[in-house]
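Chemist: Using our numbering, the first residue of the sequence shown is number 243, and each one after it goes up by one.
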Amino acid sequence: MQLRQITSCTAPAVWTLPRRSSNKKLVWQLYMCDRHRSLGPRLSGAIHQNTRAYQRVEGAAPRCGTLHDHQPIAQALTSHTRMWLAAAEPDDNSEPYWLGELRSGAEHEAMAGGREADLLAEAVKVAERAPNDRETQEQVLALLAQAEAACVERLGR
Numbered sequence: 243m244q245l246r247q248i249t250s251c252t253a254p255a256v257w258t259l260p261r262r263s264s265n266k267k268l269v270w271q272l273y274m275c276d277r278h279r280s281l282g283p284r285l286s287g288a289i290h291q292n293t294r295a296y297q298r299v300e301g302a303a304p305r306c307g308t309l310h311d312h313q314p315i316a317q318a319l320t321s322h323t324r325m326w327l328a329a330a331e332p333d334d335n336s337e338p339y340w341l342g343e344l345r346s347g348a349e350h351e352a353m354a355g356g357r358e359a360d361l362l363a364e365a366v367k368v369a370e371r372a373p374n375d376r377e378t379q380e381q382v383l384a385l386l387a388q389a390e391a392a393c394v395e396r397l398g399r
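Laid out in structure tokens, this is it:
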């Protein structure tokens, strides 16, 4: 399991949104406070908020923005870049899919003058060294989480 922090909010979570696969296996679980409850649909790729999917946190609550990702790390990287960066399909099929998306998203962010461009550029540099190495993938995932948290904070969500 990968643990990510996608907000800088220090409030305890009161809501959780689990995402399950078609065979009901837990894919990831996001914990949110009332203020950041709107993050759920964006992370899940939904257009509208399905309030029935939310559950109250029972017991000790983690910090708002805590994400427990149960996907294999390469799948988590693909999911993360697809949902957050919304990049185009890469042209080169000899590399992991997520690396092409990351590169495309970083280029878009740099051209758009986004504040997260430096973190994304660093993530691309790290990823290009050894994209199939687990330690490299963990470093890239950490940089993406930092960039996403910075974006969420900047947008005041």
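Ideal Cβ placement from N, Cα and C applies to all residues, glycine included. Bear in mind the structure is a predicted one, so any value in this text is a computation, not a measurement.
(1) Can you list, in chain order, the residues of its chain with a C-beta nearer than 7 Å to that of Ala321? Leave out the 5 residues immediately preceding and following it.
(2) Could you check the C-alpha separation between Cys393 and His278 for me, to the nearest Å?
(3) Take the Cβ of Glu351 as the centre, count every other Cβ of all protein chains shown within 10 Å, and call the residue buried at 16 or more, exposed below.
(4) Taking Gln313 as part of the beta strand (DSSP E), name the residues at either end of that continuous run.
(5) Whole angstroms are fine: how far does the CA of Val269 sit from the CA of Gln297?
(6) Report the rounded CA-to-CA distance for Val368 versus Ala303, giving the unit in angstroms.
(7) Just to confirm my understanding: we take Leu385, look at its own chain, exclude 5 residues before and 5 after, and list those with CB closer than 7 Å. What are they?
(8) Rounding to the nearest angstrom, what Cα-Cα distance links Gly307 and Met243 in this structure?
(9) Would DSSP call Val394 helix, strand or coil?
(10) Who are the near neighbours of Arg357 in its chain, counting only those whose CB is closer than 7 Å to its CB and skipping five residues on each side?
(11) On the three-state DSSP scale, how would you describe Ala389?
(12) Taking the alpha carbon of Glu370 as the reference point, which residue from Glu337, Ala354, Ala387 has its own alpha carbon closest?
Modeler: By the coordinates alone:
(1) Counted from its first residue, the sequence shown places residue 321 at position 79. Here residue 321 turns out to be Ser, not Ala, going by the sequence shown. These residues qualify, in order along the chain: Gln313.
(2) The residue you call residue 393 lines up with position 151 of the sequence shown. The residue you call residue 278 lines up with position 36 of the sequence shown. The straight-line gap from Cα to Cα measures roughly 13 Å.
(3) Sequence index remark: in the sequence shown, residue 351 carries index 109 (1-based). So Glu351 ends up on the buried side.
(4) Within the sequence shown, residue 313 is the residue found at index 71, counting from 1. Neither: Gln313 is in no beta strand (DSSP E) and is coded neither H nor E.
(5) The count along the sequence shown starts at 1 and reaches residue 297 at position 55. The count along the sequence shown starts at 1 and reaches residue 269 at position 27. Distance between the alpha carbons of Gln297 and Val269 is about 16 Å.
(6) Here residue 368 refers to the residue found at position 126 of the sequence shown. Here residue 303 refers to the residue found at position 61 of the sequence shown. Rounded to whole angstroms, Val368 to Ala303 spans 33 Å at the Cα level.
(7) In the sequence shown, residue 385 corresponds to position 143, counting from 1. Around Leu385: Leu361, Glu364, Ala365, Val368.
(8) Counted from its first residue, the sequence shown places residue 307 at position 65. Counted from its first residue, the sequence shown places residue 243 at position 1. C-alpha separation (whole angstroms): 16 Å.
(9) The count along the sequence shown starts at 1 and reaches residue 394 at position 152. Reduced to three states, the DSSP call for Val394 is helix.
(10) Locating residue 357 in the sequence shown gives position 115, where the first residue counts as 1. Within the same chain, Arg357 has close Cβ partners Ala392, Arg396.
(11) As a first step, residue 389 is located in the sequence shown; it is residue number 147 there, counting from the start. Helix, per DSSP.
(12) Mapped onto the sequence shown, residue 370 falls at position 128. The candidate whose alpha carbon is nearest that of Glu370 is Glu337.
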